[in-house]
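Chemist: Take a look at the following structure, please.
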Amino acid sequence: MNENISYPVVEIFRSLQGEGFNTGREMVFLRLGGCNLDCPWCDTDFTRFEMIPAAEIMRRIDSYGVKALLVTGGEPLIVKGLHALLEKFRSSGYWVAVETNGLAVAERDVLKLFDYITVSPKACYARLYYEATAVTRAHEVRVVAESNALEFCRFVGERIKAERYYISPCEREGVIDIETGVRLLGVLNQGDVRPPWLLSLQTHKLCGLR
Ligand code: SF4
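Numbering-wise (the numbering used here), the sequence shown opens with residue 279 and increments by one.
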């Protein structure tokens, strides 16, 4: 790895995964800056970041002593040079996961370097996904229950092959709309849907974690 390459870092912190299959698992979160979308309910300020050299990122993450890393954003897969950074973590024994919107991948080979891939496609940009979805295989798909999510979820279930499919209730201004998410789940799971869609709550927010 070229330790002089710098990456756009919003924040690095230790917490418990709050959503999806790995809920409750201790991880270090590496949030990278920049995104290719601009979702109306986005809760992340991905525009404020600092360019930090790879060696310093490694040092900060190593300092937590937790060998599980979640790379998130913003949109991490549009970050150039990510491949080199991930190889370093893998060779140091890290379990490495990513959360991506799945629309674009700057370095296609990078997907092989993740132990766990969560794709969270956005219904508010459905047209872009209908035209081209870059990540079509994942361990987990997680769709936010927006108003137009029903048709989009059916499309996503066909387009992205995954082990698990989740509906995540939408949060706006601190209010999580669980009811709309549960109603959507009920409709999606009518008939013999395999695998069934599951509910994923943002438990970290409900219990006051980051
Ligand atoms: S894809 Fe994620 S980070 Fe980007 S704007 Fe949408 S919610 Fe925010």
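Glycine residues also receive a C-beta, built at the ideal position from the N, C-alpha and C atoms.
The structure displayed is predicted, hence computed values, not measured ones.
#1: Measuring alpha carbon to alpha carbon, tell me which residue in L476, I335, P447 is nearest L484.
#2: Closest to L355 by CA distance: which of P331, R405, E297, Y285 is it?
#3: In whole angstroms, what is the alpha-carbon distance linking R405 and S341?
#4: So, using beta-carbon positions, are L381 and L310 closer together than 9 Å?
#5: In the DSSP assignment, the alpha helix (DSSP H) including L363 goes from what residue to what residue?
#6: Are the beta-carbon atoms belonging to L476 and L463 less than 9 Å from one another?
#7: Using a Cβ-Cβ cutoff of less than 8 Å, which residues in the same chain neighbour R437 once the five nearest sequence positions on both sides are dropped?
#8: Can you list the beta strand (DSSP E) stretches of 3 or more residues lying completely in the region 430–484, in chain order?
#9: First and last residue of the beta strand (DSSP E) that includes A401?
#10: R488 by DSSP, collapsed to three states: which one?
#11: Output the boundary residues of the alpha helix (DSSP H) element that contains I290.
Modeler: For this structure:
#1: P447
#2: Y285
#3: 42 Å
#4: no
#5: 360–369
#6: yes
#7: Y407, T411, T414
#8: 439–446, 475–477
#9: Taken as a continuous stretch (DSSP letters only), A401 belongs to no beta strand (DSSP E), as it is neither H nor E.
#10: coil
#11: Counting along the chain, I290 falls outside any alpha helix (DSSP H), though it belongs to the beta strand (DSSP E) covering 284–294.
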